[in-house]
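Report on one structure; see the data block that follows.
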Amino acid sequence: MSTKLSLLSPKLTTTFKPASLADRVMLNSMPGNPYSFSLRRLSLHADIPVLYKWMNPEYTAPLADEALLPLKQAYASILDSDFSWPFIGLANNIVTCQLELCRATQDAVSLCYEVRPGDYSLNILTDPRANEEEIVGLLSACIEYFFSFPEIGRLVASPEAGDREMKKLYRSLGFVWRKKVAALPYKAGDLYFCTRKSVEEQD
């Protein structure tokens, strides 16, 4: 039986299945930081319209169910899986980023390198209006929280090759570039790894 992570409980369990989408954890922040950071599970009802607008900032018409349906179906599939977890990060209780943590063995990134036990891919989507300070602070707190679980050994990211801003963001979080990859579906990208040590060295 595969081990399942319960990332919003105080410890890892083998029976992870979200009982509620409202569970939230408060994340550590540096003394004097003007932001409070928290993490919760993604809600299809509350969050899909927000994510759609982030992905389609030029879309100005009222959001219809037909427009949201493909995105809602995609995230519903992720929520139903036992190897991938979509989360929402909040700064001062405002939805600021969306993170998806996935076992690397069951992610397309596994086609690009030799996966180790404890590897998890991390995909990030941010509010384009959020400032860099709160994004970096929130994501740093999320990564610190993920690494508090011993089963997570490395985080793996594969931003698109031409996405300079996202690659800069990953580097600011302690991710280290490994190589260019061309085997990812629909894109060429760069492979980055993050470990507890690389985060500490970033500090």
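Each residue of the sequence shown is one higher than the one before, starting from 3 at the first, in my numbering. For every residue, glycine included, the Cβ atom is placed at its ideal position computed from N, Cα and C. None of these values were measured; they are calculated from a predicted model.
I need the boundaries of the alpha helix (DSSP H) containing Ser40, first residue and last residue.
Unbroken run through Ser40 is the beta strand (DSSP E), Phe39 to Arg43; no alpha helix (DSSP H).
Sorted by chain position, which residues of the same chain lie with C-beta nearer than 6 Å to Ala69's C-beta, five sequence neighbours on each side aside?
Residues of the same chain with a CB within less than 6 Å of the CB of Ala69, apart from the 5 flanking positions on each side, do not exist.
Taking the beta strand (DSSP E) that Ala48 belongs to, which residues open and close that run?
From DSSP, Ala48 is part of no beta strand (DSSP E) but of the alpha helix (DSSP H) over Leu46 to Met57.
So, does the CB of Glu102 fall closer than 8 Å to a CB anywhere in chain C?
Given the protein chain composition of this structure (a single chain), no chain C is represented.
Sequence-distant residues of its chain with Cβ nearer than 7 Å to Cys99 (five each side left out)
Closer than 7 Å at Cβ, skipping near neighbours: Gly91, Ile126, Leu127, Thr128, Asp129, Ile137, Leu140 and Leu141.
Cβ atoms of Leu44 and Pro88: under 8 Å apart, would you say?
yes
Kindly list the residues whose CB is nearer than 6 Å to the CB of Ala24, restricted to its own chain and excluding five residues on each side of it in sequence; keep chain order.
Its pLDDT being 48, under 50, Ala24 is placed unreliably in this model, and the value from its coordinates should be taken loosely. Once the five neighbours on either side are set aside, Ala24 has no close Cβ partner at all.
How many angstroms separate the CA atom of Lys199 from the CA atom of Leu103?
19 Å
Three-way DSSP call (helix, strand, coil) for Cys144 in this model
In the three-state reduction of the DSSP assignment, Cys144 falls in the helix class, which pools H, G and I.
Taking Glu203 as part of the alpha helix (DSSP H), name the residues at either end of that continuous run.
Arg198 to Gln204
Please report the residue range of the alpha helix (DSSP H) in which Gln75 lies.
Asp67 to Asp82
Can you check whether the CB of Leu41 is closer than 8 Å to the CB of Arg26?
yes
Could you work out which residue in Asp84, Glu203 and Ile50 is closest to Ala76 when comparing CA atoms only?
Ile50
DSSP three-state call for Ala24: helix, strand or coil?
No answer about Ala24 holds up, because its pLDDT of 48 lies below 50 and its placement is not dependable.
Contact belief for Leu193 with Cys114 at Cβ below 8 Å, rounded distance in angstroms:
6 Å
With burial defined as no fewer than 16 other Cβ atoms inside 10 Å of the residue's Cβ, what is the status of Lys169: buried or exposed?
With 16 or more Cβ atoms within 10 Å of its Cβ, Lys169 is classed as buried.
Mind checking whether Asn30 and Glu146 have CB atoms under 8 Å apart?
yes
If I measure Cβ to Cβ from Gly1 and keep anything under 6 Å in the same chain, skipping five residues before and after, which residues do I get?
The requested residue 1 does not occur in the structure, where the chain is confined to residues 3 to 205.
Are Glu207 and Gly191 touching if we call contact CB-CB under 8 Å?
Past the edges of the chain, shown from 3 to 205, lies residue 207, and the structure says nothing about it.
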